[in-house]
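Here is the structure we will look at.
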Amino acid sequence: DQIIGPVLDVTFPPGKLPYIYNALVVKSRDTDGKQINVTCEVQQLLGNNRVRAVAMSATDGLMRGMEVIDTGAPLSVPVGGATLGRIFNVLGEPVDNLGPVDTNATFPIHRSAPAFIELDTKLSIFETGIKVVDLLAPYRRGGKIGLFGGAGVGKTVLIMELINNIAKAHGGVSVFGGVGER
Numbered sequence: 068d069q070i071i072g073p074v075l076d077v078t079f080p081p082g083k084l085p086y087i088y089n090a091l092v093v094k095s096r097d098t099d100g101k102q103i104n105v106t107c108e109v110q111q112l113l114g115n116n117r118v119r120a121v122a123m124s125a126t127d128g129l130m131r132g133m134e135v136i137d138t139g140a141p142l143s144v145p146v147g148g149a150t151l152g153r154i155f156n157v158l159g160e161p162v163d164n165l166g167p168v169d170t171n172a173t174f175p176i177h178r179s180a181p182a183f184i185e186l187d188t189k190l191s192i193f194e195t196g197i198k199v200v201d202l203l204a205p206y207r208r209g210g211k212i213g214l215f216g217g218a219g220v221g222k223t224v225l226i227m228e229l230i231n232n233i234a235k236a237h238g239g240v241s242v243f244g245g246v247g248e249r
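Using this note's numbering, you'd call the opening residue of the sequence shown number 68 and step up by one each time.
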């Protein structure tokens, strides 16, 4: 129907409308004969058998009228011990040139939050080993942490030090999500 940047409006036959968060795949060739393989995620049901989806990669070469396939499932990524130390893109594909991931276990990227009774409500401070953070802006144990700042101020350096300290002091597993990183 319509392609505006990474946003696609797609029309499906009556009764074949995909669910929200389902993955859609566009596999075709552009006008130069180059292979196109774009995965999208349904974000909105527009009515009249139309959905709005967001592409997970560049939409260069996409044209109106190309076939779009509903996978019938949400985007899923590999999980388990084989993923430790690896680098993945948003589709769960390894991008570290270490070959395929040796696991068959996958989880969808959208999951329900744990029930409130499953959460630990005890308040405690998470010691990072970085004195200025522990003193001025302590992190709560069990919470999420986000660092925001301008270019070149040391966000990645701080995160790498945090990951190193957690591994040495607590023996835990750290997940670094470089959103917007080069």
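Note that beta-carbon positions come from the ideal geometry of N, C-alpha and C, so glycine has one too.
Counting along the chain, no beta strand (DSSP E) covers D201; the unbroken alpha helix (DSSP H) around it starts and ends at 198-203. DSSP, read as helix, strand or coil, puts G166 in coil.
Just so you know, the alpha carbons of A120 and A182 end up roughly 29 Å apart. E108 is classed as buried because its beta carbon has at least 16 other beta carbons within 10 Å across all chains shown. Collapsing the DSSP output to three states places V74 in a strand. Within the DSSP bridge table, the entry for E185 names no partner. Look at V93 here: in three-state DSSP terms it is strand.
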